[in-house]
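Contents: one structure, followed by commentary.
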Amino acid sequence: ASVTGTANIVMAAVLAEGITTIYNAACEPYLQQLCKMLNSMGAKITGVGSNLLTIEGVEKLGGCEHKILPDMIEIGSWIGLAAMTRSEITIKNVSWDNLGVIPNVFRKLGITLERKGDDIYIPAHTKGYTVKTDIDGSILTIADAPWPGFTPDLLSIVLVVATQANGDVLIHQKMFESRLFFVDKLIDMGAKIMLCDPHRAVVMGHNFESQLKATVMSSPDIRAGISLLIAALSAKGTSTIQNIEQIDRGYERIDERLRALGANIVRV
3 ASVTGTANIV MAAVLAEGIT TIYNAACEPY LQQLCKMLNS MGAKITGVGS
53 NLLTIEGVEK LGGCEHKILP DMIEIGSWIG LAAMTRSEIT IKNVSWDNLG
103 VIPNVFRKLG ITLERKGDDI YIPAHTKGYT VKTDIDGSIL TIADAPWPGF
153 TPDLLSIVLV VATQANGDVL IHQKMFESRL FFVDKLIDMG AKIMLCDPHR
203 AVVMGHNFES QLKATVMSSP DIRAGISLLI AALSAKGTST IQNIEQIDRG
253 YERIDERLRA LGANIVRV
């Protein structure tokens with residue numbers, strides 16, 4: 003259920019002749035917003051929010067006014083950043099109703115999140131955070147799934163946050179290949195991670211008793227890049243991250259915004 007694939011078919015279909023039916027359509031909030039905006043412009047899309055979209059082609063579209071959603075991946079990244087650096091922050095205007103299971107997944111890691119209007123308040127976790135085990139006492143497993151499941155783009159954030167949790171977590175990356183191969187860089191920093199296979203990693207949390215140590219590393223992709231940046235901000239010493247173009251693709255002016263929060267970060 004590809005988000006970009008669904009979006010491209012939707013945008014082509016609204017001006018195509020006849021009726022287009024999309025089965026197994028992605029239904030992320032961003033896709034719903036695109037469909038609502040296109041409908042405001044004169045498109046005829048039904049089934050918005052489901053996995054079955056029916057689109058009746060129209061001859062032309064008109065203008066409209068539309069406000070886009072905040073970036074849920076960036077919001078999740080800030081949650082992880084606050085927990086790992088034990089910082090108190092407020093994330094403004096998060097569109098809580100469109101975050102799905104994201105807040106609850108971080109709560110399973112023991113992170114405290116408070117809803118204040120449409121903001122997320124995260125207190126300083128000075129005493130750390132304890133992983134919530136399953137009812138039968140088995141290890142907490144966090145896996146990705148198509149919406150409304152947990153987005154795969156935040157699994158790397160959860161993984162790095164788990165390195166300082168009190169408890170163990172199994173990260174299961176089901177939807178994409180090679181997303182876990184950045185863990186060797188975290189292991190170099192002192193994290194206790196066992197890579198079981200290309201899709202599963204067990205993280206044994208330090209409970210902040212052993213701080214990660216600084217290193218030189220390269221960002222392999224957007225999500226791994228921001229995870230390494232979070233690890234570097236929580237680590238002891240000065241880290242260098244290369245290939246930051248990958249991080250810039252998903253996080254605008256991230257160095258300026260982190261400096262505004264008090265981070266000691268320089269773009270070279």
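Adding 2 to a residue's 1-based position in the sequence shown gives its number in our numbering. Even for Gly, the Cβ is constructed at its ideal location relative to N, Cα and C.
- Spatial neighbours of residue 60 in its own chain (CB-CB distance under 8 Å, excluding positions within 5 residues in sequence) are listed in chain order as 16, 17, 44, 45 and 46.
- If you look at residue 116, you'll find it in the beta strand (DSSP E) that goes 116–118.
- Proximity of the region 193–211 to the region 147–159 falls short of the contact definition, fewer than three beta-carbon pairs being nearer than 8 Å.
- In the structure shown, the three-state DSSP call for residue 58 is strand.
- Less than 8 Å divides the Cβ of residue 5 from the Cβ of residue 33.
- Listed in chain order, the beta strand (DSSP E) runs fully inside the region 128–200 are 142–145, 170–174 and 195–199, counting runs of at least 3 residues.
- Assigned with DSSP and collapsed to three states, residue 38 falls in helix.
- For residue 218, the enclosing beta strand (DSSP E) stretches over residues 218–220.
- Under the DSSP assignment, residue 48 falls in the beta strand (DSSP E) whose first and last residues are 46–48.
- Counting every other CB atom within 10 Å of its CB across the protein chains shown gives residue 127 a total of 16 or more, marking it as buried.
- In this model, residue 92 and residue 98 are separated by some 13 Å (Cα to Cα).
- Every alpha helix (DSSP H) of 4 residues or more that sits fully in the region 215–267 is shown, in chain order, as 224–236, 247–252 and 256–262.
- In the DSSP assignment, residue 206 falls outside any alpha helix (DSSP H) and within the unbroken beta strand (DSSP E) covering 202–206.
- With the rule of 3 Cβ pairs closer than 8 Å, the region 104–117 counts as touching the region 129–143.
- Here residue 42 has 66 as same chain residues with Cβ atoms under 6 Å from its own Cβ, once five neighbours each way along the sequence are excluded.
- Around the beta carbon of residue 165, a 10 Å sphere encloses 16 or more other beta carbons of the protein chains shown; the residue is thus reported as buried.
- Relative to the Cα of residue 26, the nearest Cα in the group 55, 118, 19 and 204 belongs to 55.
- The three-state reading of DSSP puts residue 22 in strand, counting E and B together.
- Contact annotation: residue 148 and residue 28 have beta-carbon atoms nearer than 8 Å.
- A distance of 8 Å or more separates the beta carbons of residue 235 and residue 22.
- Residue pairing from DSSP places residue 121 in a beta bridge opposite 118.
- Per DSSP, the continuous alpha helix (DSSP H) segment holding residue 8 begins and ends at 5–15.
- Per DSSP, the beta bridge partners of residue 93 are 122.
- Annotation for residue 212: 192 place their beta carbon closer than 8 Å to its own, counting only its chain and skipping 5 residues before and after.
- Excluding five sequence positions before and after residue 78, the CB atoms of its chain that fall closer than 7 Å to its own CB belong to 104, 156 and 159, given in chain order.
- Annotated three-state conformation of residue 99 is helix, per DSSP.
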